[in-house]
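First the structure, in the form of structure tokens, and then the observations on it.
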Amino acid sequence: MYEFHKVKIKNIQQETNDAVIWTLDIPVYYQPTFIWQAGQHLTFKKNVNGEEIRRSYSIFNPSNSDDIKVLIKKVDGGLFSQAAQSEYKVGDTLEVMAPTGHFVMVPQDDKNYAMFAAGSGITPVLGMIYEVLHHSNSHINLYYGNSTVQSTLLKSQLADLKDQYPERLSISYFLSQEPIDVALYSGRINTDKVITIFKKELQQLDIAGYYLCGPGGMIDEVKAVLTENGVDKTIIHSEQFLSEGQVMSEKKKTATLDSGVMVTIDGVTSRYEIKQGEDKTLLDAALDSKIKMPYSCKAGVCATCRCKLAEGEVEMLNNYSLEDWELEKGYILSCQSLPKTKKIVIDYDG
Ligand code: FES
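Under the working numbering, the very last position in the sequence shown is 454; numbers go up by exactly one each time.
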């Protein structure tokens, strides 16, 4: 499951000045491997000057499609995202991991869902919107922020869905760098706006799930308003996006004791060690021991490295992705975990 597969680019489409859509050609023999749930992402790898880099991009097209589509927005200094804009051509081969990610949804009938997205945060959310509209009779309120109309990502897909499902999909667009007459929609999605939206549009609906994707600041503000207004935390789901090169934390990652780690992955169990004083997380030490553990961001954001702690204790330096129920079930992020016991057992298959 965590192997990289060779997949060709079937089509490249310019979405905005600084974003492209790749359609991937999934060979028939890989199709069972590349079945995905709405909201999941693909991890790509690429060698740049002898160094391997990995980046994750959410799949945004409907989950029953034959092809997979991802949107890649250029970010300043982003080695992968910049190459994606100009270096790749139709027919080029990519190295891609099967879809992963826990920011997913399975819609139910007769429900209301509320979604908040900003910028490329729309990608997993659009996948979920297709899922709700195609596979249930439920309703969606989408609140979507961008800087300008021109830079608004995936607007034609959203417009088509709005035409097809006018009664079931409500979209409110927010623009931060272009004037709009209605003050509510002018500027970033922030605390004051979410309070207004909640009181005017959401609190009278029985919302079955809130799905948030965008920069950390927006997610924190939306979550705070919702929980302060009595929304149960367990129905709020979020995924933060990380710009390439963005550093989430400078916390020191020094192991405070010698520890032996057993890891099971794709049915194979391996053992490795971390020595006291080494600046290594469980993931770093595994990679140094040539054990192929999955990862992408190494920053606590994407959850590609999520595994179950079956024995022992760890300290997690950062967690921007696991929800409370996952922590209660023993899931950890190996890229952020330091050993706190002499024996650690982790499992990627559980
Ligand atoms: S690799 Fe992204 S959270 Fe660990």
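We treat Cβ as the ideally placed atom computed from N, Cα and C, and that holds for glycine.
About 23 angstroms separates the beta carbons of I293 and A403, which is beyond the 8 angstroms limit, so they are not a contact pair. Secondary structure at E417: coil, using DSSP grouped into helix, strand and coil.
With fewer than 16 other Cβ atoms from the protein chains shown falling within 10 Å of its own Cβ, P136 counts as exposed. Judged by the Cβ position, Y399 qualifies as a neighbour of the ligand FES at the 7 angstroms threshold, a heavy atom of the ligand being closer than this. By the beta-carbon neighbour count (other beta carbons within 10 angstroms, threshold 16), P270 is exposed. DSSP, reduced to helix, strand and coil, places A287 within a helical segment of the structure shown. In the three-state DSSP reduction, Q212 falls in the coil class, being neither helix nor strand. In the structure shown, M201 adopts extended strand secondary structure according to DSSP, grouped into three states.
Relative to the ligand FES, the nearest heavy atom lies less than 7 angstroms away from the CB of C439. For F184, the enclosing alpha helix (DSSP H) begins and ends at 183 to 190. In this structure, the straight-line span from the alpha carbon of H145 to that of V326 is close to 23 angstroms. Cβ-Cβ distances below 8 angstroms link F345 to G223, S224, G225, C317, G318, P319, V405 in the same chain, with the five nearest sequence neighbours on each side left out; the list follows chain order.
Per DSSP, Y452 lies in no beta strand (DSSP E) segment and is marked neither H nor E. Rounded to the nearest angstrom, the Cβ distance from V449 to G416 is 6 angstroms, consistent with a contact under 8 angstroms. H206 sits close to R410, with the two beta carbons spaced by under 8 angstroms.
Bridge partners of V152 according to DSSP: E155. Residues of the same chain with a CB within less than 8 angstroms of the CB of L421, apart from the 5 flanking positions on each side, are S353, K355, K357, T385, G404, Q440, S441, L442 in chain order. When DSSP reads this structure, F108 sits in a beta bridge with M201. If you compare the alpha carbons of S276, H243, H238 with that of K215, the shortest gap goes to H243. In the DSSP annotation of this structure, M366 is not part of any alpha helix (DSSP H); the continuous beta strand (DSSP E) holding it starts and ends at 363 to 369. DSSP places D129 in the strand class (E or B) of the three-state scheme. A distance criterion of 7 angstroms places the beta-carbon of S425 in contact range of the ligand FES, judged by its closest non-hydrogen atom.
With fewer than 16 other Cβ atoms inside 10 Å of its own Cβ, E191 counts as exposed. With contacts defined by Cβ atoms closer than 8 angstroms, Y217 and Y315 form a contacting pair.
Annotated three-state conformation of M322 is helix, per DSSP. Per the coordinates, the alpha-carbon of D370 lies some 46 angstroms from the alpha-carbon of Q308. Shown here, E382 sits in coil according to DSSP, grouped into three states, outside any helix or strand.
Rounded to the nearest angstrom, the gap between the Cα atoms of L361 and N115 is 50 angstroms. DSSP places Y234 inside the alpha helix (DSSP H), whose first and last residues are 226 to 239. With a threshold of 7 angstroms, the Cβ atom of G404 counts as near the ligand FES, since some heavy atom of the ligand is closer than that. Here the alpha carbon of L426 sits roughly 22 angstroms from the alpha carbon of K396. Per DSSP, the continuous alpha helix (DSSP H) segment holding Q261 begins and ends at 259 to 268. For C409, the shortest C-beta to heavy atom distance toward the ligand FES is below 7 angstroms. Residues of the same chain with a CB within less than 6 angstroms of the CB of T147, apart from the 5 flanking positions on each side, are R158, S160, M201, S400, T408 in chain order. The criterion of a C-beta distance shorter than 8 angstroms is not satisfied by S342 and K446.
Judged by beta-carbon spacing, Q141 lies beyond the 8 angstroms limit of S169, meaning their Cβ atoms are not closer than that value.
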